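Peer 1: Below is one structure. I have some questions about it.
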Amino acid sequence: KAGVTQTPRYLIKTRGQQVTLSCSPISGHRSVSWYQQTPGQGLQFLFEYFSETQRNKGNFPGRFSGRQFSNSRSEMNVSTLELGDSALYLCASSLAGWEVGTGNTIYFGEGSWLTVV
Amino acid sequence: GESVGLHLPTLSVQEGDNSIINCAYSNSASDYFIWYKQESGKGPQFIIDIRSNMDKRQGQRVTVLLNKTVKHLSLQIAATQPGDSAVYFCAEKIHGSNYQLIWGAGTKLIIKP
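As given, the protein sequences belong to chains A and B, one line each in that order. Be aware that the first sequence starts at 1, since it is given in the numbering used here, and climbs by one per residue. Be aware that the second sequence starts at 1001, since it is given in the numbering used here, and climbs by one per residue.
Structure, rendered in C-alpha cells:
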C-alpha cells in the first residue's frame, strides 16, 4: 500500500514567485492536512481538508492556500514568496478525518523542501 | 498562548539504555497526546498516542506516561537502539478543536555506541 506522496521533493524559488505543492494521500484516506516545518521549530499547522472542504485553518497569512480534489489529492499554494517561507512542507493524511485519538492515525509524507532565494 | 514544549532539545543515551523524552503542555483542556519520530530527511512517523483519561500506555519498546496534574508527558524507549536516533515530537489536541494538533519543538535523541 503506497504511503503519502508529495511532489516535488525539492524546489528553489525566487522571492515574489508563487509555488504549488502536491500531495497524494494514502488510498482511501479522505482527510489531508498540511504543515510547515522550519529548522529548530515544530510543525506549524496550515490547514486541513476533508471531502474537498477546508475544515480548519492555522494562523498563516492569506498567501497560503490549498484545495482538495474529488480523488482526495490536495495541493497547497504559496503566493508572493518571502525568504521566511523557506521550509519543509509536510502533508499528512488520515482515514476518516479529524477524529484524532480514536485510532485514526495520521500518516505523513516525506515533505517538499522549499528554498526561497 | 498555549504551547507544547520540550525540556531538553538534545538527549544523548548509551545504546542499550532506556531513554526518557519529556514534554510539557500548558492547556488543561487537551484531551489527546501523540508522539512522533522524525528521522533525518523523512516525514514524521507515528509512535504512540494516549488519551487524557489514561495515565499510561505501552507499545512495542515504548511507553507513554501522562501526568495531568503537572501537565507533563513522557516517552520512554526501552533498550535504545541506533535506529532510535531521530527527533521526537510530542503534540496535543485541545478538546473541541477541529483536528488541530499543537506540536512541540522536538527533542533530538542521539545514541552513543
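Beta carbons are placed, not taken as given, at the ideal position from N, Cα and C, and that holds for glycine. Quick caveat: nothing in here was measured; it's all calculated off a predicted structure.
What residues in its chain sit with their C-beta under 7 Å from that of MET1054/B, if we drop five residues either side in the sequence?
Peer 2: On the second sequence, position 54 is the one that residue 1054/B refers to. So the qualifying residues of the chain are LEU1066.
Peer 1: Using only CA atoms, which one of LYS1093/B, ALA1078/B, ALA1086/B and ILE1021/B lies nearest to SER1030/B?
Peer 2: Working through the second sequence from its first residue, we reach residue 1030/B at position 30. Comparing Cα positions, the closest option is LYS1093/B.
Peer 1: Quick check: the Cα distance between ILE1021/B and LEU95/A, rounded to an integer number of angstroms?
Peer 2: Counting from 1 along the second sequence, the entry for residue 1021/B is found at position 21. Counting from 1 along the first sequence, the entry for residue 95/A is found at position 95. Cα to Cα, ILE1021/B sits roughly 29 Å from LEU95/A.
Peer 1: What did DSSP end up calling SER1040/B once you bin it into helix, strand or coil?
Peer 2: The count along the second sequence starts at 1 and reaches residue 1040/B at position 40. Looking at SER1040/B - three-state DSSP - the assignment turns out to be coil, as it is neither helix nor strand.
Peer 1: Contact criterion: CB-CB distance below 8 Å. Does GLU1002/B meet it with respect to chain A?
Peer 2: Within the second sequence, the letter at position 2 stands for residue 1002/B. Note that GLU1002/B has pLDDT 34, beneath the 50 cutoff, so the model's placement of it is unreliable and no number is given.
Peer 1: Express the C-alpha separation of GLY1106/B and SER1050/B in angstroms, rounding to a whole number.
Peer 2: On the second sequence, residue 1050/B is found 50 positions in, with the first residue counted as 1. On the second sequence, residue 1106/B is found 106 positions in, with the first residue counted as 1. Sequence inspection shows Ile at residue 1050/B; the Ser mentioned does not correspond to that position. Each residue's alpha carbon lies about 18 Å from the other.
Peer 1: DSSP three-state call for GLY66/A: helix, strand or coil?
Peer 2: Looking up residue 66/A in the first sequence gives position 66. Here GLY66/A sits in strand by DSSP.
Peer 1: Start and end of the beta strand (DSSP E) containing THR115/A?
Peer 2: Counting from 1 along the first sequence, the entry for residue 115/A is found at position 115. That run of the beta strand (DSSP E) goes 112-116.
Peer 1: Ignoring anything shorter than 3 residues, give me the beta strand (DSSP E) runs that lie fully in the stretch 8-56 of chain A, in order along the chain.
Peer 2: 10-13, 19-24, 31-37 and 43-50
Peer 1: Tell me whether ASP1055/B sits in a helix, a strand or coil according to DSSP, three-state version.
Peer 2: Taking the second sequence and counting its residues from 1, the one referred to as residue 1055/B is at position 55. Three-state result, ASP1055/B: coil.
Peer 1: DSSP three-state label for ASP1049/B, please.
Peer 2: Counting from one through the second sequence, the residue named residue 1049/B turns up at place 49. DSSP places ASP1049/B in strand when its eight states are reduced to three.
Peer 1: Is there a Cβ of chain A sitting closer than 8 Å to that of THR1107/B, yes or no?
Peer 2: By 1-based counting over the second sequence, the position of residue 1107/B is 107. So no, THR1107/B is outside the interface.
Peer 1: I'd like to know if LEU90/A contacts chain B, where contact means its C-beta is closer than 8 Å to some C-beta of that chain.
Peer 2: Position 90 of the first sequence, counted from the first residue, corresponds to residue 90/A. It does; some Cβ of chain B falls within 8 Å.
Peer 1: Any beta-carbon of chain B closer than 8 Å to the one on LEU43/A?
Peer 2: Walking along the first sequence from the start, residue 43/A turns up at place 43. True, the Cβ-Cβ gap to chain B drops below 8 Å.
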